[in-house]
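Structure record follows, encoded as structure tokens.
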Amino acid sequence: MIKKAVAILYKKEPSELIKFIFFYIIRRNPHQAKSFSHLKYFLKEKIGFEIGGPSAVFMKNGIFPVYQIADRIDNCNFRSKTIWEGNIKDGQTFFFNLKKAPGRQFFSEATDLDVIESDSYDFILSSHVLEHCANPILALSEWTRLLKENGLLIIFLPRKDHTFDHRRPITTMEHLISDFITNIREDDLTHMPEILALHDLELDHAAGDFDSFKSRSLQNFENRCFHHHVFDTELIAKLVDYMHLQIIALEIIPPIHLLIVAKKISKELIDNSIYTFK
Numbered sequence: 174m175i176k177k178a179v180a181i182l183y184k185k186e187p188s189e190l191i192k193f194i195f196f197y198i199i200r201r202n203p204h205q206a207k208s209f210s211h212l213k214y215f216l217k218e219k220i221g222f223e224i225g226g227p228s229a230v231f232m233k234n235g236i237f238p239v240y241q242i243a244d245r246i247d248n249c250n251f252r253s254k255t256i257w258e259g260n261i262k263d264g265q266t267f268f269f270n271l272k273k274a275p276g277r278q279f280f281s282e283a284t285d286l287d288v289i290e291s292d293s294y295d296f297i298l299s300s301h302v303l304e305h306c307a308n309p310i311l312a313l314s315e316w317t318r319l320l321k322e323n324g325l326l327i328i329f330l331p332r333k334d335h336t337f338d339h340r341r342p343i344t345t346m347e348h349l350i351s352d353f354i355t356n357i358r359e360d361d362l363t364h365m366p367e368i369l370a371l372h373d374l375e376l377d378h379a380a381g382d383f384d385s386f387k388s389r390s391l392q393n394f395e396n397r398c399f400h401h402h403v404f405d406t407e408l409i410a411k412l413v414d415y416m417h418l419q420i421i422a423l424e425i426i427p428p429i430h431l432l433i434v435a436k437k438i439s440k441e442l443i444d445n446s447i448y449t450f451k
């Protein structure tokens, strides 16, 4: 962390330093999610899988510090080099907790995890990933497939009113279903005109000016930076209900997080009526 801060100072990029401080210091010491105290006993010494980690929210001082109590966590990123993590090696290289053996690092699409057997994990983690997926229902289908019976799906999403998406409309459930039915792939740029028109560059300093942002967006399949979809609590609750998962917790965590926790159980036992509007 110190090396990265020094490198930013050397390049004399104050906006990047501010962003670094926000993500690596402020977000590493937030208020803990209310649901974590109730769920940590079900997660302790269990085996999990994270999509797109490592994530500050799951670290020792994070909102949902599951890294500290899990027995092992494996991880998947879409490629071996990302904007967020730089170069990543496959194999036993996912260091979620330095006091424990590293988990397995995979490279695969979040919507296509065929390299992993079904019913393999006690819990699935995802922090600010689903909004980057062009086909969220396909992604959740894969994530749910990896879960054992009674396993937990733990997802963080951005609150649009406190991010660069605040001008954009909330995606509809009908739209997400249509994307699934038509088998939208991760190279889709359907939302790009809306993103270019409504994205608040003042809240996304890393994107640069408009021309730089447009160029980056055209290469979204390589960098996965833009948000295909915009969520609120009602949409994520409807989506999880559509996936036939039992909602365990749904929290707004200021300033920028939505958190939903859901359980994989028999469809006949599911009742999400207090969370959803059918």
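Under this note's numbering, the letters of the sequence shown match residues 174 to 451, in that order.
Glycine residues also receive a C-beta, built at the ideal position from the N, C-alpha and C atoms.
Rounded to the nearest angstrom, how far is the Cβ of residue i from that of residue j, given a contact under 8 Å?
i	j	result
leucine 412	proline 309	7 Å
aspartate 244	isoleucine 224	Not quite, the Cβ-Cβ distance comes to about 19 Å (not below 8 Å), so this is no contact.
histidine 400	aspartate 338	6 Å
leucine 330	phenylalanine 231	About 14 Å separates the two Cβ atoms, so there is no contact after all.
isoleucine 438	asparagine 323	6 Å
phenylalanine 296	isoleucine 328	About 11 Å; that fails the 8 Å criterion.
For residue i versus residue j, is the C-beta spacing smaller than 7 Å?
i	j	result
phenylalanine 353	leucine 311	yes
phenylalanine 280	aspartate 263	yes
asparagine 396	isoleucine 256	yes
leucine 325	valine 434	yes
serine 253	isoleucine 246	no
asparagine 445	isoleucine 421	no
Leaving out five residues before and five after residue i in sequence, what residues of the same chain have Cβ atoms less than 6 Å from its Cβ?
i	result
phenylalanine 267	Asn248, Pro275, Gly276 and Gln278
aspartate 292	Lys321
alanine 283	Ile224, Cys306 and Ala312
lysine 233	Gln241
By how many angstroms is the C-alpha of residue j removed from the C-alpha of residue i?
i	j	result
isoleucine 409	threonine 449	9 Å
proline 342	glutamate 375	18 Å
lysine 387	threonine 363	14 Å
histidine 250	serine 314	Per the sequence shown, residue 250 should be read as asparagine rather than histidine. The alpha-carbon atoms of asparagine 250 and serine 314 are separated by roughly 17 Å.
lysine 272	aspartate 414	37 Å
histidine 301	phenylalanine 215	23 Å
lysine 436	phenylalanine 269	23 Å
isoleucine 289	serine 351	27 Å
alanine 370	aspartate 360	20 Å
tyrosine 197	methionine 365	Bear in mind that a pLDDT of 47 at tyrosine 197, under 50, signals an unreliable position, so the model cannot answer this.
isoleucine 355	lysine 213	Reading the sequence as shown, one finds threonine at residue 355 and not isoleucine. Threonine 355 and lysine 213: Cα-Cα distance of roughly 38 Å.
serine 228	methionine 346	27 Å
arginine 358	arginine 318	19 Å
arginine 201	aspartate 384	Unreliable placement is indicated for arginine 201, whose pLDDT of 44 sits below 50; no coordinate value is reported for it.
arginine 389	glutamate 441	45 Å
alanine 380	tryptophan 316	30 Å
Tell me the DSSP secondary structure of residue i in three-state form.
i	result
threonine 317	helix
alanine 370	helix
aspartate 361	coil
tryptophan 257	coil
histidine 417	coil
arginine 245	strand
glutamate 223	strand
threonine 131	Residue 131 lies beyond the range of the chain shown here (174 to 451); nothing can be said about it.
Under 8 Å Cβ to Cβ from residue i, same chain only, skipping five residues before and after it: list those, please.
i	result
aspartate 382	Leu374
Suppose the cutoff is 7 Å on Cβ atoms and the five residues either side in sequence are ignored; what does the same chain contact list for residue i look like?
i	result
alanine 206	Ile236, Phe237, Glu424, Ile426 and Leu432
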